[in-house]
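See structure below.
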Ligand code: GLN
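Numbering (our numbering), first residue to last: 16 to 467.
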């Protein structure tokens, strides 16, 4: 099999089945085939496990010469002139980007419904949401259109769609993968993540994607381990902490039972399990939506209708260019975040909102530090429920926000966490979340691999 044949078959399959799921915003036929032919000419490097492997890219990661929209009208015609570092890293390892994947607009949402372009369907049941914001990435992988995809996770956007589609979703430690070229949402939370069907695949991709980058001052210079080489199936001596707050009211009983059964499985593999407390969990959603929206309101100031992106055609003054371009270019959820963030940062409310939320963030970091002083890993559900119907939460954003309660704390603390499938409820997949101490991705892969 040549790389060109593999990529051609991948593109043909996308053309054949994606109309049913609508995971792709853009298919990269030309660049993918060009890269494949070049690899065939040069010869695939047998030491590069990703060489010639097709993959999908969330549409908020910039790709040179390929439309990058962040699923927003604001960027509906935006063609970047460079690759995000993570995309460049994968290219160096021979992986071939075959398309850009649907998402919530600017990654704000949990269902992919805030996309300006299309509604992506859940891989298991097309009447259900795919989760979000990396819904296109999760569905493209779960439906077998690509073996892996990149997403981003600011408050759960890799783990929750992975859970809703029954696949593996890794959000690495903050700083493990460069954010250069990831369209910013909440810069102190944002992290690129990886969606795959197996834990081992995920380990291979992270090793290629991660590493220090001069273009991102928050990227870590710690060496990147060979995660796949460290996989074992023996968990003896592993100390597992189960936080009681993650099994509280609001978390579906069947989801709880499925994850508890999975935890018993870890005990059979040699782990010991204790219940612990992360007492500030209940403030996470409120604090996150203040902090992440504040950062978003600042990051999104660059979309002014002047430098790039959408510009209102009928504006007569400079003020009108700004106001009308932003009014027409941004959707309702993005505007809600900008208003919430601007309000929280304004002189009269800063102390009561932004500052308080930042203090809560510190308390949540300390919660985790206390647990990781005694335990190797925290295990919990990824989301309080399985995938639900379209339109269910659209008139009450607060209900949707509460759905993120179990994924947000990890982003508050910058920790690595991975969702793996723990079973099914009513035919829909349930995610189990493995949370590690900073830079303990290898531990998460070991536990996930043993469980699989
Ligand atoms: N659902 C959360 C939000 O809307 C998280 C999104 C994300 O991780 N990008 O902010």
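For glycine and all other residues, C-beta sits at the position ideal for the given N, C-alpha and C.
Keep in mind the model is a prediction, meaning the values are calculated, not measured.
Distance, residue j Cα to residue i Cα
i           : j           : result
residue 272 : residue 341 : 46 Å
residue 63  : residue 212 : 20 Å
residue 262 : residue 380 : 20 Å
residue 293 : residue 419 : 16 Å
residue 355 : residue 303 : 12 Å
residue 218 : residue 387 : 22 Å
residue 321 : residue 327 : 10 Å
residue 192 : residue 450 : 17 Å
residue 309 : residue 204 : 12 Å
residue 2   : residue 323 : Outside the shown range of the chain, which is 16 to 467, sits residue 2, and nothing can be said about it.
residue 29  : residue 259 : 42 Å
residue 100 : residue 75  : 13 Å
residue 343 : residue 88  : 8 Å
residue 291 : residue 243 : 30 Å
For residue i, the first and last residue of its enclosing beta strand (DSSP E)
i           : result
residue 185 : 183–186
residue 73  : 69–73
residue 443 : 443–451
residue 434 : 432–440
residue 255 : 254–258
residue 166 : 163–168
Buried/exposed call for residue i, threshold 16 Cβ in 10 Å
i           : result
residue 136 : buried
residue 19  : buried
residue 170 : buried
residue 463 : buried
residue 180 : buried
residue 413 : exposed
residue 162 : buried
residue 247 : exposed
residue 164 : buried
residue 333 : exposed
residue 382 : buried
residue 147 : buried
residue 224 : buried
residue 92  : exposed
residue 143 : buried
residue 329 : exposed
Host alpha helix (DSSP H) of residue i (start-end)
i           : result
residue 396 : From DSSP, residue 396 is part of no alpha helix (DSSP H) but of the beta strand (DSSP E) over 392–396.
residue 33  : 18–36
residue 343 : 333–344
residue 130 : Residue 130 -> no alpha helix (DSSP H), and no H or E assigned at all.
residue 459 : 456–466
residue 47  : 44–57
residue 378 : 371–387
residue 271 : 268–283
residue 235 : From DSSP, residue 235 is part of no alpha helix (DSSP H); its letter is neither H nor E.
residue 309 : 299–314
beta-carbon residue i near the ligand FAD non-hydrogen atom, thresh 8 Å
i           : result
residue 148 : Among the ligands in the structure shown, the ligand FAD does not appear; only the ligand GLN can be found there.
Within 9 Å, strictly: CB atoms of residue i and residue j
i           : j           : result
residue 306 : residue 208 : no
residue 431 : residue 401 : no
residue 433 : residue 448 : yes
residue 37  : residue 117 : yes
residue 221 : residue 184 : no
residue 190 : residue 417 : no
residue 422 : residue 237 : no
residue 226 : residue 77  : no
residue 375 : residue 311 : no
residue 114 : residue 43  : yes
residue 160 : residue 32  : yes
residue 35  : residue 141 : yes
residue 84  : residue 131 : yes
So, do the region 360–378 and the region 227–238 have three or more beta carbon pairs nearer to each other than 8 Å? no
Under 8 Å, with one C-beta from each stretch per pair, do the region 386–398 and the region 346–353 reach the 3-pair mark? no
Kindly confirm or deny that the region 122–129 and the region 48–65 touch, where touching means at least three C-beta pairs closer than 8 Å. no
Is the region 150–167 in contact with the region 68–80, if contact means three or more CB pairs nearer than 8 Å? yes
Is the region 236–255 close to the region 280–293, with three or more CB pairs under 8 Å? yes
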